[in-house]
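In our numbering, the protein residues as written are 565 to 1265. No residue lacks a Cβ here, since even glycine has one placed at the ideal position from N, Cα and C. Here the structure comes first, spelled out in structure tokens, and everything after it is commentary.
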Amino acid sequence: MGRERSVKRFAGTLAVCAVFSMLAACATVSLLTEATFSLSLFRGLAGQRVELLAPVFLFASLHLIVDVRRLYDCIFRYRWLIAAFVFVFLVLNRFNLSSIGMYNYFVQPGAGNAYIEPVFGVPRFIRGDEWGVSTPWQLSAQYGDAYGEYNWIIRGTRSDNISTSGLYFAYSALSNALNFGFFLFGPAYGLAIATWGKALLTLLAAFEFFRVVTKDDRFLSFAGAVLVSLSSFYVWWSLTPFHSITNVMIVTVCIYRFLFAKRVAFKLFLGAAIVLSLSNFVCSFYPAWQVPAGYILLTLFVYLVTEHFDAVKRLKAGDWIIVAVALLITVSIVVAVLRDRADYIAAVSETVYPGQRRDTGRYWTAVQSLFFGMQSFLYPFKDVGNPSEGGTFFALCPLSFFAGAYVWWKDKRSNRLILLLNLLTLFFLFYIGIGLPDWLARALLIDRTITTRLAPFVALLQLIVLLSVLAQNQVLPRKKWVGIGSGLFTAAVHVVFCLWVYPAYMPFAYIALIVPLYVLGGYVMVVKSSRKSILFFVVIVVTLTLASSAYVNPIMKGTDAIYSKPAAVRIAELVRETPEAKWIATGEFRLNGFLMACGAPTLTSVNYIPNMGMWEKLDPTGAYAETYNRYHHIFCNLTTGKTKISLSAEDGVDLLLSYEDLRKIGADYVFTLEILETEPNAPLEQVYDEAGVRIYRVTDR
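What follows is the structure, given as structure tokens:
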């Protein structure tokens, strides 16, 4: 028996090694062929797809020839090594999860090399804040004083790199360690490291977090990892919840492991992980998510300290020194970031939006997003308008809350975690539905979030409660009709809210198929169930999540979707000729991102703080100050009449710019998809016209 066990263990290890070998072979061949182009198999999109799918098919085939339990035991044992290997493979191939392939729809469609299109998936127009703003910001940081303190591309004037691209190579850069890929290896590899680093770290951190929550139930922990990292909230917001939610999970896990760690080296590692995660959390500077995530972190900290107080008391002097040093380093990083971002913080605090934005709750309809988990599986395949705003976590609200309360009561009120999470849920719901006095909301900092941003965090709390209840299933009653009725009631609530907000979005056939899943969920949450029943429910939910969310973010190769375009080549030539020249984009405002990525100082790019130098020239009396004194996109068009400024959205300014004012704002080039007037009065000279893209030079006439 012992020999047979050893053989199976060896077989599982050998299987994992086989996948490793396949990944290594694919990565090596890819690097060689990119350098020499000697083999045609791995060239172009077809070759890249083969390279990505080959290890996947190999892994799937191992289930037919290797003992599955041993295989997954081996994967669990080497999970961090496997993740590191996969990460290196993806980075070496310069794969990323950006939607910059959208530029192929706007700028010279079809022109460029094979990688203007995704290797897998489709670019997402709705993620304009990523492919149209943050990614071009990051790509712009390579020009001029590369990764220096100031960026002269964004807004066409001096801008803080750390406040825009985040790529200021200084001590404060430790607040976002995943950005070091840009500093060390350049934009293409940097983008791959940043996107896959967030994705894989979220998956691993969530798995380790749910191991703590479920008392090391590996299957439920894996389910939790998938339901968080591939939730509609995460994938439609392009992994940006990483800075809030993922860091909270990492800090929680590190604190828990620190309490029971034996080796000093491991404790030092945990201390370093806390420094990087906590500083990244604090310095993300998005209070709408930071505040609720901070409350969750505080709640989890209280749980860990009270639940494992004996372990806290056993900490030695050396342990407390590690804790103190970690906190001091964290504070030093935060202080460095605050120093480097001082100008931005001062400027943004004076803006109408977001500087003066406050919220005191009393918007009960925001709770509707708690119930969108039912329809979120359809988002990648059927347009819902704004899937980002409709993104959430799959949680059987309100059943999870009441089942959690019952488990806490029947478990002799000893389950502190469920109690604390439900209490925080009540606080959030009270704030959303009833609100707080202004003075109290300010004192609790919760006025810095907004109710529509807070609701998904309630769903996250209830997802944690849901898996905690399933892990504690043995304390539940046995009445089956209660479980079935609870599931039907929960399904009805979700259907009503989804159809109320999005009438006719969910087809009747889909509703008929999804309701039994909710009935099964109600059954396994309320009735003492067999392990197989629980696993069956979880497998269905995880499968639906994988089938849906894995398709959301495309897999792109490198940054060729921008730089292989003929227009990008021409822009780069003009920038080299006159690096100080200022550019504007007209007609399609998303062209601004393309210009920034190509290194052109762009006056009409997103004003993360208002470019007062430009606006005061157009509005010397300040009559429209409230219109542009905000974070805003600029929708610029040219006119032979007078310049007009108006507000089109909370973060959008319409600029109808007179030809006569082009020189007033210092514009030297106009980048557009339109045919502009060059005679008789327009001071423009066409210098480029290819595949629907035009560039005009502003003349003195």
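CB-CB length for L1202 against Y1233, believed under 8 Å: Not a contact, Cβ separation roughly 13 Å.
Bridge-paired residues (DSSP) for Q1038: Partner(s): none; Q1038 has no beta bridge.
Exposure of L1266, with buried meaning 16 or more beta-carbon neighbours within 10 Å: Only positions 565 to 1265 of the chain appear in the structure, and residue 1266 is not among them; the question remains open.
Own chain, CB closer than 7 Å to V799, minus 5 neighbours either side, in chain order: S1113, V1116, N1117
Helix, strand or coil at Y1066 [DSSP, three-state]: coil
Straight-line Cα distance separating S843 from S896: 9 Å
Run of the beta strand (DSSP E) containing T1150, from where it starts to where it stops: 1146-1150
Outcome for E694 when other beta-carbon atoms lying within 10 angstroms are tallied against a minimum of 16: buried
Runs of alpha helix (DSSP H) wholly within the stretch 720-753 (minimum 4 residues, chain order): 744-749
R926 in three-state terms, based on DSSP: coil
Nearest neighbour of T759, chosen from W801, G788, S662, L1221 [CA to CA]: S662
Cβ neighbour criterion (16 or more within 10 Å) applied to R1227: exposed
I1028 vs V777 beta-carbon contact at 7 Å: yes
Residue range of the alpha helix (DSSP H) that includes R821: 809-824
Cα-Cα separation, D1218 to F1199: 5 Å
Buried versus exposed call for A1255 [16 or more other C-beta atoms within 10 Å across all chains shown]: exposed
Nearest to V948 (by Cα), restricted to the options T1016, P1071, L902, A1005: P1071
Nearest neighbour of L768, chosen from R1261, S727, F786 [CA to CA]: F786
Nearest candidate by alpha-carbon position, reference I1119, set F774, N660, P851: N660
Sufficient close CB pairs (3 or more, under 8 Å) joining the stretch 1138-1145 to the stretch 682-691: no
Cutoff 7 Å; reference V1022; Cβ partners in own chain excluding five residues on either side: L934, T989, F992, L993
Buried versus exposed, by CB contacts within 10 Å (16 or more), F640: exposed
D907 to V901 span [Cα, whole Å]: 11 Å
Proximity to S1210 [Cα-Cα], best of W1179, F1235, L1240: W1179
Backbone secondary structure at I757 - three-state DSSP: helix
Segment limits, alpha helix (DSSP H) that includes S795: Careful: S795 lies outside any alpha helix (DSSP H) and carries neither H nor E.
Coil, strand or helix - Q1250 by DSSP: strand
Identified DSSP bridge partners for K1208: L1220
For N811 and I664, the rounded distance between their alpha carbons: 26 Å
contact_flag[the stretch 970-979, the stretch 904-921] where n(CB pairs < 8 Å) is 3 or more: no
C-beta contact flag for F966 and G937 at 7 Å: no
G1047 versus S698: straight-line alpha-carbon distance, rounded: 46 Å
Exposed unless 16 or more other CB atoms sit within 10 angstroms - verdict on E1190: exposed
CA-to-CA distance, D923 to T1013, given in whole angstroms: 7 Å
For M1120, the residue or residues it bridges with in DSSP: N660
Rounded C-alpha distance that separates L864 from V876: 15 Å
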